[in-house]
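Quick note, the sequence shown lines up with residues 0 to 694 if you use numbering that gives the first Met the number 0.
All C-beta atoms in this analysis are idealised placements derived from N, C-alpha and C, irrespective of residue type, glycine included.
If you're wondering where the values come from, they're calculated on a predicted model, not measured in any experiment.
Here's the structure, in structure tokens; my notes come after.
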Amino acid sequence: MTWRAIVIGLIGVLTICGFGYLNDRILELESINNGHQLPILVVGLLIVTVLLIHPLIALLRRPRRLSPAELAVIGTFCACACGISGRALAEQFAQLLVLPHHWERITPGWQTHRLLDYAPKRLMVDPEPQDEVVNRFLTGSTREESDSATFWQRCQKKIAQTPWRQWRAPLVTWMPIFTLGIVIMTALAIVTHRQWSAHEHLQYPIANFMGELIRQDGDSWFNSTLRNRLFWLGFVIFFLIRLNNGLYQWYPETIIPIKLNHSLWPFASKWPALLRNPRAGGLLNFNIFPLVIGVGFLLSSEISFTLGMTQILWACFCIPVIGLGFNLATDYEIGGWRGWQRAGSYIAFAAILLYAGRHAYWETFKRAFGLRPPRSQLPSPSAPERAAVIAMRVLIVSTIALCLLIIRLGLTWPIAIGLVFLLLVTYLVVARISAETGLFFIQPGWQPFGMLMALFGSYAMGPTPIVIAAFVCIVLCLDPCHAMIPYLVNGLKLGERGNVRPSTLAWSNLALYMLGALVAVFAVLVLSYDFGTPAQYHWSYKRIPTLPFRAAQPALMQLKAIGALEASEGLSGWERLLAIRPSSSFLWAIAFGIIGVLAFSFLRLRTRWWPLHPCLFLLWETYPLSVMSHPFLVGWLLKKICLRFGGNRLVVKLKPFAVGVISADIMGALVFMAVGLIYYLYTGEKPKTYRYFPR
């Protein structure tokens, strides 16, 4: 890891975190984090570097080009930072802490039940004075700047109009909790890296794709993949398709688009039962994403077939079940049968991961407490590295500290421990899905606080713990696809290919990530009080700021109706455990998810013919697979055809073509991201939107 890589990475992180929210939500240009674990901005610039900048450096005989290790470090730093400008922090953090005051003011039901009284005051911003704290956040500030004011004077005015005094308390409350969450993710990635990379030999499709791009063959301008004609054939064909379809958005009268989606809705008129499926829209819309087809081709056949069959198998399950009268309705954040089933599958899958690495993890855990094997015992090849032992110590201490901080917010110890446990399960499994399947857009479809609500019941949980737990989940794991850990596990593997020590890369990334988070929070507050919060973006304007109180309101009304509200609020930790009353539908859903994962894991390990991976139960009926399952199935089918008629040699020969297809899709998105920015800077108007990546 060189200083050159660190400096370039630092500049990239500060740029992404400082301007990401402005780009995404104020100017509404192409999103910085679009592409998720394959962020367009980062991967696209890596492609530009290896295809244009490096050959130019060689041609001009300038200082040496960036090495693969340096590109891996820069790519890891910047990819992790992309989540900060999205749902890992910037997209909803400030809105969560101030907009509940606005929604209480205009919602009579909230005023009647005094919902905001169930949130401890330090969780949110002090709303007084309303005009400065709440109203200006909504509408922005008046613009009466003199023409003679310099740029720095205008910046100072924008900073001064932000009510920092009212924001001090919630920032002091939440930033340590957010920091501990990031430290836990970093330590977890280090602890699991050797087991997944060296012992289980996971495929890491995302890291391998990026590694193929940045790999160098001596002094050659391009490596063997980039010199391959099949790479350029795939790149040129699909880049021109994306270029043509992007130009169609600007010139619809003169450009003929190439259709990449097909409707299967006529099948619904023939078989109306298909409409019972809550995800019928995804099943009956055949979207062709070349990037997804390319990734599906590069994956193992088992994984790509499982991802491709998710929606078909879900339809085969849910249509008869709903026809029998079972209620599978689910709220994405609060929960329901489908969310509880996936939560059970996540827990079972996490247990399998721990069991598979039990020897390595147990040895690391023992050494974290200073317990070493006897001197007479020969060293084991699976003996933990010193970095993993240190990371395990950090993981244990950070987890305990996070539990204590959450208890300090007002949660009793059983709920706090359960919440942190489910957060760890979410982090671990999402990271594993990314490392093993290459899925670059992951949504669990359940939240830890919703799981605890269903487990404890209204009386044992109570409205105040529901509100606090929901706040914690929104800050730490609202959308784990944008969390740091899936980016980091791929970055560690990418760095390993360039002989970068995983622990050094991980802890360096942690420092830059926290610096970027502080910059992002500062930028979001200043921009929000200058331009106003984006009211057109329903997610951060209403859905997320109201979530804790929408979740607590039914429990509050139920407890008031039976006169048990005061008793529920006064329960101690042990009393809450004794008062647990889960519903039967919750237990059935959890059991189904656990049994499904365990059964598929057993069949996968004990039989040669079993075609499906247990990740099926983690991913089916989620939004990402509802729009991407068909192209994954196409990628699997193409690979099977190649194996049938050309054998594995043909599959290996066509891999550069798949890499070219993926690169072309990303470069097409980067081109129109740049076009939109240039258009806005030149005209001051918002550009035409051409967003074709699944989101």
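Between which two residues does the beta strand (DSSP E) harbouring residue i extend?
i      : result
SER140 : Counting along the chain, SER140 falls outside any beta strand (DSSP E), and DSSP gives it neither H nor E.
HIS261 : 260 to 262
Can you look up residue i in the DSSP assignment and give me helix, strand or coil?
i      : result
THR14  : helix
VAL182 : helix
PHE285 : strand
HIS537 : helix
GLY108 : helix
ASP664 : helix
HIS35  : coil
ASP330 : strand
GLY85  : coil
GLY335 : strand
VAL520 : helix
LEU689 : The residue you asked about is not Leu; residue 689 is Tyr in the sequence shown. The answer is coil: DSSP assigns TYR689 none of H, G, I, E or B.
ASN647 : helix
TRP102 : helix
TRP506 : helix
TYR250 : coil
ALA118 : coil
HIS200 : coil
GLU69  : helix
THR682 : helix
PRO128 : coil
MET123 : coil
VAL658 : helix
Cα-Cα, which of the options is closest to residue i?
i      : options                           : result
VAL633 : THR111, LEU401, LEU290 and LEU504 : LEU290
PHE420 : LEU475, THR436, VAL466 and PHE591 : LEU475
ILE240 : LEU491, PRO256 and ILE10          : PRO256
LEU259 : TYR678, THR688 and ASP664         : ASP664
GLY74  : GLN91, GLY335, VAL6 and LEU98     : VAL6
PHE316 : PHE18, LEU273 and PHE238          : LEU273
ARG164 : HIS192, MET123 and TRP339         : MET123
GLY490 : GLN446, LEU451 and ALA434         : ALA434
VAL650 : MET452, SER299, ALA118 and LEU96  : SER299
ILE105 : ASN134, HIS198, GLU495 and THR309 : ASN134
ILE83  : HIS481, PRO544 and PHE585         : HIS481
LEU487 : TRP445, ARG341 and ILE181         : ILE181
ALA168 : PRO126, THR149, HIS192 and THR141 : PRO126
ASN227 : ASN33, GLY659, THR141 and TRP619  : GLY659
ASN284 : PRO265, LEU297 and TRP220         : PRO265
ASP478 : LEU404, HIS53, HIS35 and GLY19    : HIS35
ILE696 : ILE661, LEU115 and ILE677         : What the structure shows of the chain is the stretch from 0 to 694, and residue 696 is not part of that stretch, so it cannot be assessed.
THR138 : LEU98, MET672 and GLY108          : LEU98
ASN326 : LEU611, LEU51, LEU624 and TRP587  : TRP587
PHE448 : GLN535, TYR512, LEU352 and ALA551 : ALA551
VAL72  : GLY210, ALA516, ILE406 and ARG549 : GLY210
Can the beta-carbon of residue i be found less than 7 Å from the beta-carbon of residue j?
i      : j      : result
ILE31  : VAL525 : no
GLY461 : SER567 : yes
VAL518 : CYS16  : yes
ALA314 : ASN276 : yes
TYR426 : MET184 : yes
TYR689 : GLY245 : yes
GLY43  : LEU669 : yes
GLY444 : GLY338 : yes
GLY569 : THR411 : no
For the alpha helix (DSSP H) containing residue i, name the first residue and the last one.
i      : result
ASN207 : 204 to 213
PRO277 : PRO277 -> no alpha helix (DSSP H), and no H or E assigned at all.
GLN152 : 150 to 159
TRP313 : 300 to 322
LYS492 : 483 to 496
CYS480 : Counting along the chain, CYS480 falls outside any alpha helix (DSSP H), and DSSP gives it neither H nor E.
PHE364 : 357 to 367
PRO271 : Run containing PRO271: none; DSSP gives neither H nor E here.
ILE467 : 462 to 476
PRO54  : 53 to 59
SER223 : 223 to 226
PHE325 : Per DSSP, PHE325 belongs to no alpha helix (DSSP H) and is neither H nor E.
LEU617 : 615 to 618
Please report whether the beta-carbon of residue i lies at a distance below 7 Å from any beta-carbon of chain B.
i    : result
ILE7 : Absence of chain B from the displayed structure is noted, only one protein chain being present.
Which whole runs of the alpha helix (DSSP H) in the stretch 373 to 459 are 4 residues long or more, in chain order?
385 to 408 and 412 to 436
Taking the runs of the alpha helix (DSSP H) that are 4 residues or longer, which of them lie wholly in the stretch 529 to 592?
543 to 560, 564 to 568 and 572 to 577
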